[in-house]
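Participant: Have a look at the structure that comes next, please.
Numbering (our numbering), first residue to last: 1037 to 1260.
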C-alpha cells in the first residue's frame, strides 16, 4: 500500500489528491464487489485490503502534508474518524466484532473502519519515522514490538479481544508504512532506494503467494 500509493502520487507526479481519488474509486468498486459476493473469495478480499492501504496512504499524506496541519493534527483528525466509525457501528448494530460481520450493513461499517484505520496507521508511521529520529528501520522495530505485545495480551490475558483486534489492525499499517518507506526511500534518507514500482510488484507477488500457500477464511477463523 505504501509503495503503490507513493508510486502514483510521487513517482508519477499526480499528487496526493488525485492519487486519493484514483484509489478511492478502486476501493469503492472492490468494496461493492466484496459486499455483494455470495461467499468468501480470498483474492477479492485481499485486493480490497490492498486498495484500502493504498487509499489510506494517499489520504494520510494529503491530510498531514497538503492540508498543512502536520502529523499531530492529521493523526488526531484520523483518530477521531476511526472512533466515530466504531461508535456509529456499535450504536447501529450493537457490536464492532468482526465475528458479527455477516450482512451488508455490518460489512460496510467494517470496510469504512478498516480504511480509516489504514489512514491513521499511515500517519502514525510517517510521524514516528520522520520526526522521532528513529528512521524507517527503527519505526518498523517499534511497531513490530508493539504488535508482539498485543499478540501476547491476546493469548495470555483476559483483555477484550475486540479492542485488541482493532489496536493490532491499526498498528499493522504503520509497520507496513515504515517497511515500505525503508524499501523505496533514498539512501541518504535512510532507505534502500528500491524502485517504487519494482518494490510494489515484489510485495504484490509475496501477497499472492501467501494467499495461495496459506489461505485464510475469515468467516471460519474470526475470534475477535
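C-beta atoms are modelled at their ideal positions from N, C-alpha and C, and glycine is treated no differently. The structure presented is a predicted model; accordingly, all values stated were derived computationally and were not measured.
Output the residue ranges of the alpha helix (DSSP H) runs that lie fully inside the stretch 1130-1189 and measure 4 residues or longer, sorted by chain position.
Facilitator: Runs of the alpha helix (DSSP H) inside the stretch 1130-1189: 1140-1167.
Participant: Please tell me whether residue 1166 and residue 1042 are closer than 9 Å, where the distance is taken between their beta carbons.
Facilitator: Cβ atoms of residue 1166 and residue 1042: not closer than 9 Å.
Participant: When you compare only the Cα positions, how much space is there between residue 1045 and residue 1052?
Facilitator: In a straight line, the C-alpha of residue 1045 is about 5 Å away from that of residue 1052.
Participant: I think residue 1138 touches residue 1132, with their Cβ atoms under 8 Å apart; what is that distance to the nearest whole Å?
Facilitator: With 8 Å as the limit, residue 1138 and residue 1132 do not qualify as a contact, their Cβ atoms being about 14 Å apart.
Participant: Is the Cβ-Cβ distance between residue 1212 and residue 1171 less than 9 Å?
Facilitator: It is not a contact, given that the beta carbons lie outside the stated cut-off.
Participant: On the DSSP letters alone, give me the boundaries of the alpha helix (DSSP H) that residue 1237 sits inside.
Facilitator: Note, residue 1237: alpha helix (DSSP H), 1232-1249.
Participant: Excluding the 5 residues flanking residue 1256 on each side, which residues of the same chain have their C-beta closer than 7 Å to its C-beta?
Facilitator: With a pLDDT of 46 at residue 1256, under the threshold of 50, the predicted position of this residue should be treated as unreliable, though the coordinate-derived value follows. Closer than 7 Å at Cβ, skipping near neighbours: no residue.
Participant: To the nearest angstrom, how far is it from the Cα of residue 1087 to the Cα of residue 1205?
Facilitator: Residue 1087 and residue 1205: Cα-Cα distance of roughly 15 Å.
Participant: Which residue from 1067, 1159 and 1119 puts its Cα closest to that of residue 1099?
Facilitator: Cα-wise, what sits closest to residue 1099 is 1159.
Participant: Quick one: what does DSSP say residue 1076 is sitting in, helix, strand or coil?
Facilitator: Correct three-state label for residue 1076: coil.
Participant: Take residue 1111 as the anchor and find which of 1223, 1231 and 1164 has the nearest alpha-carbon.
Facilitator: Out of 1223, 1231 and 1164, 1164 has the C-alpha closest to the C-alpha of residue 1111.
Participant: In terms of residues, what are the limits of the alpha helix (DSSP H) holding residue 1201?
Facilitator: Here the alpha helix (DSSP H) through residue 1201 covers 1197-1220.
Participant: Quick one: using the 10 Å Cβ neighbour count with 16 as the cut-off for buried, is residue 1161 buried or exposed?
Facilitator: Classification of residue 1161: buried, given that the 10 Å Cβ count is 16 or more.
Participant: If you check the beta carbons only, do residue 1222 and residue 1229 fall under 9 Å apart?
Facilitator: Yes. Within cutoff.
Participant: Is the Cβ-Cβ distance between residue 1238 and residue 1082 less than 9 Å?
Facilitator: Their beta carbons are not under 9 Å apart, which means residue 1238 does not touch residue 1082 by this criterion.
Participant: If you check the beta carbons only, do residue 1089 and residue 1057 fall under 9 Å apart?
Facilitator: Going by C-beta atoms, residue 1089 is not nearer than 9 Å to residue 1057.
Participant: Would you mind working out which of 1143, 1184 and 1155 sits nearest residue 1069, comparing C-alpha positions?
Facilitator: Ranking the options by Cα distance to residue 1069, first place goes to 1143.
Participant: Tell me whether the beta-carbon of residue 1079 lies closer than 9 Å to the beta-carbon of residue 1249.
Facilitator: No, they are not a contact pair.
Participant: From the beta carbon of residue 1100, is the nearest beta carbon of chain D less than 9 Å away?
Facilitator: Within the model displayed, chain D is absent; a lone protein chain is all it includes.
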